[in-house]
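Sequential numbering from 31 applies to the sequence shown in this note's numbering.
Everything below concerns the one structure shown next.
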Amino acid sequence: MTLVPIVRKVRGAQRRLKEARMFAQAMRSSRHPILAHIIPTRRCNLSCAYCNEYDRVSPPVPTAEMLRRVDQLAGLGTTIITISGGEPLLHPELESIVRRIHDHRIIATVITNGYLLTPERIRSLNRARLHQLQISIDNVVPDDISKKSLKVLDQKLRWLASYAEFDISINAVAGSAMRNPEDVLTIAQRAASLGFTVTVGLLHNGSGQLAPLTEEVRIALDRVLALRKPTFSFVRYDRFQHNLARGLPTEWSCHAGSRYLYVCEDGLVHWCSQQRGYPGIPLERYSAADLEREYHTVKSCAPLCTINCVQKTAILDELREHPRETILRILSPPDSPMDPTQFPFLVRVFTWLFLGSRNRKWFSNLALRVLRLK
Ligand code: SF4
Ligand code: SF4
Numbered sequence: 031m032t033l034v035p036i037v038r039k040v041r042g043a044q045r046r047l048k049e050a051r052m053f054a055q056a057m058r059s060s061r062h063p064i065l066a067h068i069i070p071t072r073r074c075n076l077s078c079a080y081c082n083e084y085d086r087v088s089p090p091v092p093t094a095e096m097l098r099r100v101d102q103l104a105g106l107g108t109t110i111i112t113i114s115g116g117e118p119l120l121h122p123e124l125e126s127i128v129r130r131i132h133d134h135r136i137i138a139t140v141i142t143n144g145y146l147l148t149p150e151r152i153r154s155l156n157r158a159r160l161h162q163l164q165i166s167i168d169n170v171v172p173d174d175i176s177k178k179s180l181k182v183l184d185q186k187l188r189w190l191a192s193y194a195e196f197d198i199s200i201n202a203v204a205g206s207a208m209r210n211p212e213d214v215l216t217i218a219q220r221a222a223s224l225g226f227t228v229t230v231g232l233l234h235n236g237s238g239q240l241a242p243l244t245e246e247v248r249i250a251l252d253r254v255l256a257l258r259k260p261t262f263s264f265v266r267y268d269r270f271q272h273n274l275a276r277g278l279p280t281e282w283s284c285h286a287g288s289r290y291l292y293v294c295e296d297g298l299v300h301w302c303s304q305q306r307g308y309p310g311i312p313l314e315r316y317s318a319a320d321l322e323r324e325y326h327t328v329k330s331c332a333p334l335c336t337i338n339c340v341q342k343t344a345i346l347d348e349l350r351e352h353p354r355e356t357i358l359r360i361l362s363p364p365d366s367p368m369d370p371t372q373f374p375f376l377v378r379v380f381t382w383l384f385l386g387s388r389n390r391k392w393f394s395n396l397a398l399r400v401l402r403l404k
């Protein structure tokens, strides 16, 4: 009998606890980065036509330097560190970096094109205690724009389903450059059939802005978003993606440089992958004053931004600042509003405990104690 399902359940429970800690920390304070991206190598083994985040020649950043950066991010109070690239699996000691993040009790995630995954590499990521692995898949069969294709990656997905003890998230990519708009739905359905979480990514241009979606792609995207629970996250209505698909701006405050940091291969902090150069301060000199300034800096690129991970950190801040309005907005699309009594049971319980009850302070303190944050 294999122990994998039991180990997965135990590890899964530990991960949910860690996520609850991350959430509670984000609700308690705005003075630490929720998420940071680090780049262990700019080199990639693929060359997707739309990508401005890779080269063919960069060496891996020395492991000692990457570990130092992880320690510095831990010192700033970062709660999630995502390793991307280039292709992070090209770093010979990726697992040491993952392990260091885990040892700081920070959530460690990796974004990969998946090409270099083998059963042995998956097992070594298990041992390093990776929290989540994300693969973006662009099409069903390779074309001249992208080779990140379901057909090429399907064996890797099956290995992940068999051996991985960490969470798997498949990002089905939609964009007007897609040859077959139905691909995004095929990819989402395959990922869901293997038990993976599915997200949808929109192809951006070189400034992080959206290339307008065709009507066909928009319809396919709406069909994927309509799959919703339980395959998709608790956010039932993503106003960013809803608006972007229609070419509409979204009003929000981007807190990049504060709640989200992008640390490039040279160790400089930038707003995000698409706005490199701002503020461009070395991580070792990044301070609480920088976090505070960037929290309030208005980003003119925000209305049509496609960087979903930064938008998710902003949703947590909206939840902290305006809890009731934000809960209503993420659970209830404006075209089919829900009554709060129809919300999922657990949402109603937590809303009552932490917002409605006379003893909400006592419940909050108890939760912080249980999560060992007090
Ligand atoms: S696999 Fe990722 S990093 Fe590499 S070229 Fe494609 S999008 Fe860029
Ligand atoms: S709005 Fe923020 S995350 Fe989006 S492109 Fe601009 S700086 Fe980057």
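Quick reminder that beta carbons are idealized off the backbone N, C-alpha and C, glycines included.
query, result
"Distance between H62 and G287 (C-alpha atoms, nearest Å)", "10 angstroms"
"W301 CB to nearest heavy atom of ligand 2 below 7 angstroms", "yes"
"Closer than 7 angstroms: S77 CB and nearest ligand 1 heavy atom", "yes"
"Span of the beta strand (DSSP E) around P312", "P309 to P312"
"Meets three-Cβ-pair contact criterion under 8 angstroms: the segment 78 to 97 and the segment 336 to 356", "no"
"Nonlocal neighbours in the same chain, by C-beta distance under 7 angstroms from V3, ignoring five residues either side", "With the chain covering only 31 through 404, there is no way to say anything about residue 3."
"Any non-hydrogen atom of ligand 2 closer than 7 angstroms to Q304 Cβ", "yes"
"Whole-number beta carbon distance between L163 and A194, since they are thought to touch under 8 angstroms", "7 angstroms"
"Within-8 angstroms CB hit, G42 to chain D", "Of the protein chains in the structure, only one exists, and it is not chain D."
"Selected residue, minimal CA-CA separation from P363, among S192, Q271 and F196", "Q271"
"At least three beta-carbon pairs within less than 8 angstroms, the segment 133 to 150 to the segment 109 to 117", "yes"
"Close-in-space but distant-in-sequence residues of the same chain around L398 (CB under 8 angstroms, 5 per side omitted)", "A54, R58 and K404"
"I68 vs V299 beta-carbon contact at 8 angstroms", "no"
"Proximity below 8 angstroms, CB of T109 to CB of V170", "no"
"Straight-line gap, I141 to P353 (C-alpha atoms, nearest Å)", "30 angstroms"
"Chain-order list of residues whose beta-carbon lies under 7 angstroms from that of C74 (same chain, five-residue window excluded)", "Y84, G115, G116 and E117"
"Element boundaries [alpha helix (DSSP H), containing N82]", "Unbroken run through N82: none, as it is neither H nor E."
"Cβ neighbours of V100 in the same chain (closer than 6 angstroms, five flanking residues each side left out)", "R130 and I131"
"Check whether I36 and P70 have beta carbons under 8 angstroms apart", "no"
"Chain-order list of residues whose beta-carbon lies under 6 angstroms from that of R405 (same chain, five-residue window excluded)", "In the structure as shown, the chain starts at 31 and stops at 404, and residue 405 therefore has no counterpart that could be examined."
"Span of the alpha helix (DSSP H) around A191", "L180 to Y193"
"Status (buried if at least 16 other CB within 10 Å, exposed otherwise) for K186", "buried"
"Cα-Cα separation between D197 and V247, rounded to whole angstroms", "28 angstroms"
"Spatially closest choice to L358 from P333, R315, R269 and D296, by CA coordinates", "R269"
"Rounded separation between I249 and N210 - CA only", "12 angstroms"
"CA-to-CA distance, L106 to A411, given in whole angstroms", "Shown here, the chain extends from 31 to 404; a query on residue 411 therefore has no answer."
"Residues bridged to R141 [DSSP beta-bridge criterion]", "The sequence as given places Ile at residue 141; Arg does not occur at that position. Q164, per the DSSP bridge assignment."
"C81 Cβ short of 7 angstroms to ligand 1 heavy atom set", "yes"
"8 angstroms contact criterion, which L405 and K178 should meet: CB distance rounded", "A query on residue 405 cannot be resolved here, the shown segment of the chain reaching from 31 to 404 and no further."
"Proximity of V128 and L97 at Cβ, strictly below 8 angstroms", "no"
"Pairwise C-alpha distance: K48 and V265", "For V265, the predicted structure reports a pLDDT of 49, less than 50, and the residue's modelled location is therefore unreliable. A value from the coordinates is still provided. Cα-Cα distance, rounded: 19 angstroms."
"heavy atom of ligand 2 below 7 angstroms from I110 C-beta", "no"
"Cβ neighbours of P279 in the same chain (closer than 6 angstroms, five flanking residues each side left out)", "P333 and L334"
"Range of the contiguous alpha helix (DSSP H) that encloses I249", "E245 to L255"
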